[in-house]
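S.K.: Each residue of the sequence shown is one higher than the last, beginning at 1 in UniProt numbering.
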Amino acid sequence: MIRYLETQLDQLGIVAITSDVYRRACEIHHPDKPSLHLMWAAFEECQNNFDRAAVVLQNLEKKCPNLLQVAYRRINVERRRGDMTKCRELYEHYINTAKNKTIAGSLAIKYARFLNKICDDLDGGLRILRQALEKDTANTRVALQMIDLVLQRPKVDEDEVVLIMDKFMARENMDPEQKVLFAQRKVEFLEDFGGTAKGLQDAQRALQLALSKANEAKKKRESSPSRKSSSNSKESSMSNSAISSAYNNGTSATTPSYNYNSANSAYYGQQNSGAYTTQQSYDGYYNHWQYGSNYGNYGQWSGYGNYY
C-alpha cells in the first residue's frame, strides 16, 4: 500500500494519507521494525518535516537501542536541516555511550571529518581523534585519520605529522608488521615533504630495524611448536583424506599423495598471502634504498588518502 501511495504523491491529500499509513504501520502493527521506521523518517524528511522525522528516529532508538544506522540517521537529519550544534551533541553522546572501542573510534573518525569539512574546524577534529586514540591506543584507523587530517592543512607541518607517527610507533607491544607499515609511511612522507636529508636517513634506518624485527617475529611464529603441531595435524588429515579418496576410487594412493603435496603447497601459499596481505613487496620497494630484506614481498602504500 505504501509503495502505491508513494507513486501518487502528486495527488491532493495523498501526502497526509501516506504519513498516516506509516504512523499506523510503525506505531501499531510493527513498532519494533527498524527498516519501516527509517522509511517513515525519510518520507517525512522529504516533505521537509524535519521535526517529525527526528521524533520518529528518536522513538525508534528507544525501542531498538544501540543501532548504528539509527544513530547515523539522527545525526545526518540534523546536519541536513542545518542544526550543527545538535549534530555535535549527538556525535559526542554516541561516542561516550558506544558499546566498545571500535565503534567509538569509527564514530570519532566521522565526527572529525564532520568538524573539518562541514564546520571548518580542523583543530577540533584533531582534538576528537586524540581523545579517541588515548582511549584506544592501538586503533590504527584513528591514527591514520589524524595523519590524513594534518596533511589537509594549507601548509604541511612536518613536525606535527612525524610526532603522530612516532607516538603511535612508540607504543608497547606494537605488532611488528604494523610498525613496518608506519615506518614505511614515515619514510614516504619525509621523502615527499621532509626538510632535511638527515631526517629521511634516520627514518630509513628505523624502517630497516623494523623490517629486521618483523622478520624475526615471523620466523619465531613459523618455528613455534604449536604452529608445527598444527601444520602436522593438517598434513596428516589431508593425507588421510587423499588416501581414502584414492581407495574409494579404486586407484593407488601414490598419485593422490603426490597431488596432495601440490595442493598442500598451494594451501599454505594461500594461508600466507591471506595472513600477510600487505606484505607483498618489501624487496621491490626497498631495493631502491638497498635494504636487505628477507621478509617476502611487501607493497608500497600509494598516496596519503586511501586508508579505509
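Ideal Cβ placement from N, Cα and C applies to all residues, glycine included. The structure presented is a predicted model; accordingly, all values stated were derived computationally and were not measured.
What is the DSSP secondary structure of S223, reduced to helix, strand or coil?
M.R.: Correct three-state label for S223: helix.
S.K.: Tell me whether E172 sits in a helix, a strand or coil according to DSSP, three-state version.
M.R.: DSSP places E172 in coil when its eight states are reduced to three.
S.K.: Does the Cβ of P218 have 16 or more other Cβ atoms within 10 Å, making it buried, or fewer, making it exposed?
M.R.: In the sequence as displayed, the identity of residue 218 is Lys instead of Pro. Burial call: buried.
S.K.: Can you check whether the CB of I118 is closer than 9 Å to the CB of A132?
M.R.: Against a cut-off of 9 Å, the Cβ pair of I118 and A132 comes out as no contact.
S.K.: Going residue by residue through the region 135-202, where are the continuous alpha helix (DSSP H) segments of at least 4 residues, counting only ones entirely within it?
M.R.: Counting whole runs of 4 or more residues, the region 135-202 contains the alpha helix (DSSP H) stretches 140-150, 158-169, 176-193.
S.K.: Could you give the residue range of the alpha helix (DSSP H) that holds I109?
M.R.: 101-113 is the extent of the alpha helix (DSSP H) around I109.
S.K.: With distances taken Cα to Cα, identify the nearest neighbour of N100 among L126, K135, E78, V156.
M.R.: Residue K135 is the option with its Cα nearest to N100.
S.K.: Is L115 closer than 9 Å to I128 when the C-beta atoms are compared?
M.R.: It is a contact, given that the beta carbons lie within the stated cut-off.
S.K.: From D157, M146, E188, K155, pick the residue whose C-alpha is nearest to that of F168; which is it?
M.R.: Among D157, M146, E188, K155, the Cα nearest to that of F168 belongs to M146.
S.K.: My guess is that G125 and L149 are in contact by the Cβ rule of under 8 Å, so how many angstroms apart are they, rounded?
M.R.: Between L149 and G125 the Cβ distance is about 6 Å, and since that is below 8 Å, they are a contact.
S.K.: Could you tell me which of A197, A183, A53, P65 sits nearest to S212, measuring between CA atoms?
M.R.: If we check each option's Cα against that of S212, A183 comes out closest.
S.K.: Quick check: what's the CA-CA separation for I14 versus N59?
M.R.: Spanning the two alpha carbons is a distance of roughly 24 Å.
S.K.: Under a three-way DSSP split, which group does G124 fall into?
M.R.: Here G124 sits in helix by DSSP.
S.K.: Take F189 as the anchor and find which of L207, D51, L122 has the nearest alpha-carbon.
M.R.: F189 has its Cα closest to that of L207, out of L207, D51, L122.
S.K.: Count the other CB atoms, across all protein chains shown, that sit within 10 Å of the CB of I164; report buried if there are 16 or more and exposed otherwise.
M.R.: It is buried - the Cβ of I164 has at least 16 other Cβ atoms within 10 Å.
S.K.: Given a threshold of 16 other Cβ atoms within 10 Å of its Cβ, counted over all protein chains shown, does Q204 qualify as buried or as exposed?
M.R.: The residue is buried, with at least 16 neighbouring Cβ atoms inside 10 Å.
S.K.: Near Y268, what residues of its chain come up, given a Cβ to Cβ distance below 7 Å and the 5 sequence neighbours on each side ignored?
M.R.: Unreliable positioning characterises Y268 in this predicted model, as indicated by a pLDDT of 33, which lies under 50. A coordinate reading is not provided.
S.K.: Since I believe Y111 is in contact with Y91 (beta carbons under 8 Å), could you give me their beta-carbon distance rounded to a whole number of angstroms?
M.R.: Confirmed, about 4 Å.
S.K.: Rounding to the nearest angstrom, what Cα-Cα distance links H30 and W40 in this structure?
M.R.: When rounded, the distance between both Cα atoms is 12 Å.
S.K.: Counting along the chain, where does the alpha helix (DSSP H) carrying C87 start and finish?
M.R.: Its alpha helix (DSSP H) spans residues 84-96.
S.K.: Below 6 Å CB to CB, which residues in the same chain sit around K186 once its five sequence neighbours on both sides are set aside?
M.R.: M165, A203, listed in sequence order.
S.K.: Using the rule of at least 16 other Cβ atoms within 10 Å of the residue's Cβ for burial, across every protein chain shown, is I75 buried or exposed?
M.R.: Burial call: buried.
S.K.: Thinking just about the alpha-carbon of each residue, which of E45, G195, R171 is nearest to the one in D159?
M.R.: When only C-alpha atoms are compared, the closest one is G195.
S.K.: Rounded to whole angstroms, what's the CA-CA distance from Q300 to V156? Just pull it up for me.
M.R.: Note on Q300: pLDDT 40, under 50, position unreliable in the model; the coordinate value appears next. Whole-angstrom Cα-Cα distance: 22 Å.
S.K.: Do you know offhand how far A104's Cα is from A98's?
M.R.: C-alpha separation (whole angstroms): 5 Å.
S.K.: Does the beta-carbon of V56, which I'm using as the reference point, lie nearer than 8 Å to any heavy atom of the ligand ADP?
M.R.: The model depicted lacks the ligand ADP and carries no ligand whatsoever.
S.K.: How would you label C46, buried or exposed, when you count the other beta carbons within 10 angstroms and need 16 or more for buried?
M.R.: C46 should be labelled exposed.
S.K.: Based on Cα-Cα distance, which residue from E27, A53, K179 lies nearest to L209?
M.R.: The residue with the shortest Cα to Cα distance from L209 is K179.
S.K.: Could you tell me whether the Cβ atoms of A214 and E177 are closer together than 9 Å?
M.R.: In this structure, E177 lies closer than 9 Å to A214 by Cβ.
S.K.: From R52 to H37, what does the alpha carbon distance come to, in whole angstroms?
M.R.: Their Cα atoms are separated by approximately 12 Å.
S.K.: Please classify E216: is it buried, with 16 or more other beta-carbons within 10 angstroms of its beta-carbon, or exposed?
M.R.: Per the 10 Å Cβ criterion, exposed.
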